[in-house]
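Letter by letter, the sequence shown follows residues -23 to -1, 1 to 71 of mature numbering (1 follows the signal peptide of the UniProt record, and there is no 0).
Heads up, the beta-carbon is just placed ideally off N, CA and C, and yes, glycines get one too.
A quick write-up on the structure given underneath.
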Amino acid sequence: MRQIALPLIISAILLAACEPVPAPPAAPAPAPDTCGAEGYQGLIGQPRAALAAMTFPIGTRLIGPEDMVTADFRPERLNIEYGLSGRIDKVSCY
């Protein structure tokens, strides 16, 4: 019995080592531009003062570093964030 068990165990180990490695998961698709943020990406790095002369869709939020905002997710809402330096850091939909 011992003579049969050892080759069976070795065979099982070798077969387990031959199992194919699963493919890595595909990268997630980029989020759709539901609020038109793509058209405002040129604002990144600009001074906050540049926003005063512009018009934005209704509901757009201009968010400063100390500003509190609601946590509700609205993919159609444009959000423009600026930092302590007064420069625009991020333009996105949420």
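Reduced DSSP category for residue i - H, G, I as helix; E, B as strand; rest coil
| i | result |
| --- | --- |
| L28 | helix |
| I(-20) | helix |
| Q23 | coil |
| E43 | coil |
| A(-12) | helix |
| A8 | coil |
Range of the contiguous beta strand (DSSP E) that encloses residue i
| i | result |
| --- | --- |
| V68 | 65 to 70 |
| R38 | 38 to 40 |
With 16 other Cβ atoms within 10 Å as the buried cut-off, status of residue i
| i | result |
| --- | --- |
| L(-16) | exposed |
| A14 | buried |
| I57 | buried |
| I(-11) | exposed |
Whole-angstrom distance between residue j and residue i, CA atom to CA atom
| i | j | result |
| --- | --- | --- |
| G61 | D10 | The residue asked about is misnamed: residue 61 is Leu in this sequence, not Gly. Approximately 27 Å, taken between the alpha carbons. |
| L28 | P5 | 32 Å |
| C12 | G63 | 23 Å |
Beta-ladder partner(s) of residue i, from DSSP
| i | result |
| --- | --- |
| Y59 | I65 |
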